[in-house]
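J.: This structure is in structure tokens; I'll ask about it shortly.
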Amino acid sequence: MNDPIEDVLNELRRKPGVQQCHFARSFLNNVGEVFEREGFATTELFLRDKMEQDATRRQARVLLEDVMPVLKSCERIRLNRAIGRLVIKSLDTIKGTGGGKR
Numbered sequence: 192m193n194d195p196i197e198d199v200l201n202e203l204r205r206k207p208g209v210q211q212c213h214f215a216r217s218f219l220n221n222v223g224e225v226f227e228r229e230g231f232a233t234t235e236l237f238l239r240d241k242m243e244q245d246a247t248r249r250q251a252r253v254l255l256e257d258v259m260p261v262l263k264s265c266e267r268i269r270l271n272r273a274i275g276r277l278v279i280k281s282l283d284t285i286k287g288t289g290g291g292k293r
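Per my numbering, the sequence shown starts with residue 192, numbered consecutively.
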């Protein structure tokens, strides 16, 4: 049986934007908190606001364009946003680990 979260992680690892972006831990923590507490729409609004700021523009764009669609595609994350929060908060770590099936 395939783990849907592993599929999400592998898909994110294959995204060039995720691989090339340096994420600030505090930024990922903030986005993860908003996501778990408020959901997809509010997180997207939060990220659009952060795209207006030079310091967070690149991170917000990668999250909005590359990460959020992958999270939305996973039913398990839609049903349990705490998992999505963990994925968001771990982006800088998971992008450096090997992908593929075990």
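Cβ atoms here follow ideal geometry from the backbone N, Cα and C, with glycine treated the same way.
In the DSSP assignment, find the unbroken alpha helix (DSSP H) run with Phe214 in it and report its ends.
T.: Against the sequence shown, residue 214 aligns to sequence position 23. First-last for Phe214: undefined, no H or E at that position.
J.: Take Arg276 and list the residues in its own chain whose beta-carbon comes closer than 8 Å to its own, dropping the five residues that flank it on each side.
T.: Position 85 of the sequence shown, counted from the first residue, corresponds to residue 276. Within the same chain, Arg276 has close Cβ partners Gly223, Glu224, Phe226 and Glu227.
J.: For the putative contact between Ile279 and Leu219, defined by C-beta atoms under 8 Å, what is the C-beta separation to the nearest angstrom?
T.: On the sequence shown, position 88 is the one that residue 279 refers to. On the sequence shown, position 28 is the one that residue 219 refers to. 6 Å between Cβ atoms; contact.
J.: Using 10 angstroms around the beta-carbon of Asp194, count the other beta-carbons present and answer buried if the total reaches 16, otherwise exposed.
T.: As a position in the sequence shown, residue 194 is number 3, starting the count at 1. Answer is exposed; the Cβ neighbour count stays below 16.
J.: For the candidate residues Arg269, Glu256 and Asn271, whose alpha-carbon lies nearest to that of Cys212?
T.: The residue given as residue 212 occupies position 21 in the sequence shown. Nearest of Arg269, Glu256 and Asn271 to Cys212, Cα basis: Glu256.
J.: Using the Cβ count rule (16 or more neighbours within 10 Å means buried), how would you classify Lys263?
T.: For the purposes of this step, residue 263 is taken as residue 72 along the sequence shown, with counting starting at 1. That one is exposed.
J.: Would you kindly work out how many angstroms separate the C-alpha atoms of Leu270 and Phe231, rounded to a whole number?
T.: Here residue 270 refers to the residue found at position 79 when the sequence shown is read from its first residue. Here residue 231 refers to the residue found at position 40 when the sequence shown is read from its first residue. Answer to the nearest angstrom: the Cα atoms are 12 Å apart.
J.: According to DSSP, is Ala232 helix, strand or coil?
T.: If you number the sequence shown from 1, residue 232 lands on position 41. Helix at Ala232.
J.: May I have the straight-line CA-CA distance separating Gln210 from Thr284, to the nearest angstrom?
T.: One-based indexing of the sequence shown puts residue 210 at position 19. One-based indexing of the sequence shown puts residue 284 at position 93. Approximately 10 Å, taken between the alpha carbons.
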